[in-house]
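Counting from 235, one number per residue, gives the positions in the sequence shown under this note's numbering. Glycine is no exception: its CB is placed at the ideal position from the N, C-alpha and C atoms. These figures come from a predicted structure and were not determined experimentally. Here the structure comes first, spelled out in structure tokens, and everything after it is commentary.
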Amino acid sequence: MIEHPEYNQEAEQAINILLSSHNEKSDGPGFEGPQLAIVTCMDYRINLRLPKNFAFVLRTGGANTLPIEPYLAFSVARTGIHAVAIIGHTDCAMQHPNPYVVEQLPASTDVKRDYRSQIASLAILDAPEYTRREAKRLAERLGLPVIPLLYHVEDHKITRL
């Protein structure tokens, strides 16, 4: 069970549904509305298997919620979701991003300079540790449980952190 003042059985059930539907490829019934908000990385290797209408899924580099936190707060408040899952992953390029990859863009030198600076500032370093820390920060800000999980790109399984 997750330790959080607002953590409840609904949050635990939603996480269990996420883990079983993804890891065990179980086909549960669809849902009338979202039970969970999920934040994960935009990496193309992350393919979540979820029941129909089960979750909002927001994707951002490194599962970094800072750029998308207002969207997350809006979706949670609007739908009454009781928990958030933040899913980091192994072999994440945002752990130590190379900001100079933007040199491949046909953009202007000024734009590329801006992107390099922004990319460097978004580095997450250690993905599991970042995911745990970000879950704690978000739980304090949103006032509801945020459960840290890790997607293993090697076998496409999700585990709790």
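CB-CB under 8 Å to Lys-346, same chain, minus the five flanking residues each way: which ones, in chain order? Numbered from 1 along the sequence shown, position 112 holds the residue referred to as residue 346. Here the set comprises Val-336, Glu-337 and Leu-339.
Taking the Cβ atom as the reference point for each residue, do Leu-292 and His-256 lie within a distance shorter than 8 Å? Indexing the sequence shown from 1 puts residue 292 at position 58. Indexing the sequence shown from 1 puts residue 256 at position 22. Not a contact, by the Cβ cut-off of 8 Å.
Round the Cβ separation of Ser-309 and Phe-290 to the nearest angstrom and send it over; I've been treating them as touching at under 8 Å. Against the sequence shown, residue 309 aligns to sequence position 75. Against the sequence shown, residue 290 aligns to sequence position 56. With 8 Å as the limit, Ser-309 and Phe-290 qualify as a contact, their Cβ atoms being about 5 Å apart.
Verify whether the separation of the beta carbon atoms of Ala-357 and Val-318 is less than 8 Å. Indexing the sequence shown from 1 puts residue 357 at position 123. Indexing the sequence shown from 1 puts residue 318 at position 84. Not in contact: Ala-357 and Val-318 (Cβ atoms no closer than 8 Å).
Cutting at 6 Å between CB atoms, please list the residues of its own chain near Ile-249, excluding the five before and the five after it. Counting from 1 along the sequence shown, the entry for residue 249 is found at position 15. Once the five neighbours on either side are set aside, the close Cβ partners of Ile-249 are Ile-381.
Does the beta-carbon distance from Ile-320 to Ala-297 come in below 8 Å? The count along the sequence shown starts at 1 and reaches residue 320 at position 86. The count along the sequence shown starts at 1 and reaches residue 297 at position 63. In this structure, Ala-297 lies closer than 8 Å to Ile-320 by Cβ.
State the Cα-Cα distance for the pair Gln-329 and Gln-352, rounded to the nearest angstrom. Within the sequence shown, residue 329 is the residue found at index 95, counting from 1. Within the sequence shown, residue 352 is the residue found at index 118, counting from 1. C-alpha separation (whole angstroms): 14 Å.
Buried or exposed: Gln-243, going by 16 or more other Cβ atoms within 10 Å of its Cβ? Numbered from 1 along the sequence shown, position 9 holds the residue referred to as residue 243. Burial call: exposed.
Report buried or exposed for Tyr-385, applying the criterion of at least 16 other Cβ atoms within 10 angstroms of its Cβ. By one-based count along the sequence shown, residue 385 stands at place 151. Classification for Tyr-385: buried.
Using 8 Å as the threshold, is the C-beta distance between Cys-213 and His-316 below it? Nothing about residue 213 can be reported from this structure: the residues present for the chain run from 235 to 395 only.
Roughly how many angstroms lie between the CA atoms of Gly-295 and Pro-301, to the nearest whole one? The count along the sequence shown starts at 1 and reaches residue 295 at position 61. The count along the sequence shown starts at 1 and reaches residue 301 at position 67. Each residue's Cα considered, the two are about 9 Å apart.
Span separating the alpha-carbon of Gln-247 from that of Pro-263: As a first step, residue 247 is located in the sequence shown; it is residue number 13 there, counting from the start. As a first step, residue 263 is located in the sequence shown; it is residue number 29 there, counting from the start. The alpha-carbon atoms of Gln-247 and Pro-263 are separated by roughly 14 Å.
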